[in-house]
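Numbering (my numbering), first residue to last: -9 to 435. Glycine included, each C-beta is placed from N, C-alpha and C at the ideal position. Before any comments, here is the structure.
Next comes the structure, spelled out in structure tokens:
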């Protein structure tokens, strides 16, 4: 068997399974378990096969993000690469998230994996690949992987050890039913993620049109219809004036960020006031807590000194500078975070304004001598266009419901994630059987 491990011992499951389930070694139920391809920088280029690395796969459903690299058909043949097929299971060998697995759907392009991503190809009549991926992502299996990782600086798991894993094996029909239950939850989580991305893209486009490109003002200046209802079009002037930032709508002005916004710089209390048991308000220190839009509770603080309120925009002000999130509750903020709110109270205007400063924030990251940071003085020196408050309020009425929907989707997704994470180990081990879950999906989605 291609990719067979050199040892014959099995890495036992840490739990018992029902009597009607099998417990084979992973490699005996697969066509092969092998490493990805060793493709050096000099071999990269072209656009025939996408090269998938851990940075491209992320933590969600299969391919998520990253700057993709490619190889040519000639390189593929010369290096005898393995093309990724639908149903293949990819496993991160290094670094974190070591052991995480993804089942490949129908890929929209031809692809190979780098050596840090192992490939498992199942025998479809015996082992459902989606079920296998869920098992590999279960807490029990990830715990095994953690105990097997090697290396002093970059932990990795050997492909041979992946092949030695013992797997729980119910009937194929039950495997598919389990994968369906968990997959339905993941599908809804993914749908919410895509909806949120779409809603944010629409909101950002409107903000850019009104407050960066000044499209309604430009249209009125040129005698064109600005394409807005009359009550909105009347809020915009019909000419520009010069400023230190170039042309801006007449009657608007240039100010500093801390002039146009209320700004709270975070402050970190002593370390012995932190906890993970929920004592005190949630405490956010920066990027480690940030998500797509809202931070995740991880640490709490019993002696907080600086706060952000629900709806405040949170900006990472220490390496890395410029990551943006929004507070969904009153929370404590450490010195790695600033809380910002426009003086009109506009939640959405504040958030998309900070998004528009991403390039400026990146400059503070690059200029740091040891690590990037941005101070209150830096915010004072950061110039911004201060629009008519009536236009800010108009944007809030239009975009605010979008942000309400984004928040609602995020709350729903977190509930679904918690449900999936509670069902996963029970279904994979047989502690909970498929008939026992009747009604759960209907109630959840």
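In the DSSP assignment, what residue or residues form a beta bridge with residue 322?
According to DSSP, which records beta bridges pairwise, residue 322 is partnered with 273, 297.
Residue 101 lies in the beta strand (DSSP E); which residues open and close that run?
DSSP places residue 101 in the uninterrupted beta strand (DSSP E) bounded by 101 to 103.
Exposure of residue 407, with buried meaning 16 or more beta-carbon neighbours within 10 Å
Looking at its Cβ environment, which holds fewer than 16 other Cβ atoms inside 10 Å, residue 407 is exposed.
Leaving out five residues before and five after residue 164 in sequence, what residues of the same chain have Cβ atoms less than 7 Å from its Cβ?
So the qualifying residues of the chain are 424.
Report the three-state DSSP secondary structure of residue 183 (helix, strand or coil).
Of the three classes helix, strand and coil, the one that applies to residue 183 here is helix, per DSSP.
Starting from residue 135 and walking both ways along the alpha helix (DSSP H), at which residues does that stretch end?
First-last of the alpha helix (DSSP H) with residue 135: 129 to 138.
With a cut-off of 8 Å, do at least 3 Cβ pairs link the stretch 253 to 266 to the stretch 286 to 295?
The answer is yes - the stretch 286 to 295 touches the stretch 253 to 266, with three or more Cβ pairs under 8 Å.
Starting from residue 109 and walking both ways along the beta strand (DSSP E), at which residues does that stretch end?
Element bounds for residue 109: 107 to 112.
Could you pull the start and end residues of the alpha helix (DSSP H) that residue 371 belongs to?
Judged by DSSP secondary structure, residue 371 falls within the alpha helix (DSSP H) whose first and last residues are 366 to 371.
Endpoints, the alpha helix (DSSP H) within which residue 22 is located:
Taken as a continuous stretch (DSSP letters only), residue 22 belongs to no alpha helix (DSSP H), being part of the beta strand (DSSP E) at 20 to 24.
Measure the Cβ-Cβ separation of residue 1 and residue 146 and say whether it is below 7 Å.
Residue 1 is not a Cβ neighbour of residue 146, given a cutoff of 7 Å.
The alpha helix (DSSP H) enclosing residue 383, as first and last residue numbers:
Residues 379 to 419.
Residue 33 to residue 65 span [Cα, whole Å]
Rounded to the nearest angstrom, the two C-alpha atoms are 7 Å apart.
DSSP three-state call for residue 234: helix, strand or coil?
Residue 234: coil per DSSP, three-state reduction.
Write down the C-beta distance between residue 102 and residue 82 rounded to the nearest angstrom, noting that I regard them as a contact closer than 8 Å.
The pair is not a contact, with the Cβ atoms about 16 Å apart (cut-off 8 Å).
Does DSSP put residue 257 in a helix, in a strand, or in coil?
In the structure shown, the three-state DSSP call for residue 257 is coil.
Just the C-alpha distance for residue 344 and residue 120, rounded to the nearest angstrom, thanks.
When rounded, the separation of the alpha-carbon atoms in residue 344 and residue 120 is 40 Å.
Please name the residue in 371, 22, 6, 410 whose C-alpha comes closest to that of residue 244.
The residue with the shortest Cα to Cα distance from residue 244 is 371.
Cβ distance (whole Å) where residue 363 is taken to contact residue 354 below 8 Å
Rounded to whole angstroms, the Cβ separation of residue 363 and residue 354 is 7 Å, and the two are in contact under 8 Å.
How many angstroms separate the CA atom of residue 380 from the CA atom of residue 225?
Whole-angstrom Cα-Cα distance: 7 Å.
Determine the burial state of residue 436: buried for a count of at least 16 other Cβ atoms within 10 Å of its Cβ, exposed for fewer.
Past the edges of the chain, shown from -9 to 435, lies residue 436, and the structure says nothing about it.
With a threshold of 8 Å, are at least 3 pairs of Cβ atoms found where one atom belongs to the stretch 321 to 341 and the other to the stretch 207 to 214?
The stretch 321 to 341 vs the stretch 207 to 214: no contact.
Residues in its own chain within less than 7 Å of residue 300 by CB, not counting five upstream and five downstream?
Here the set comprises 317, 318, 319, 320.
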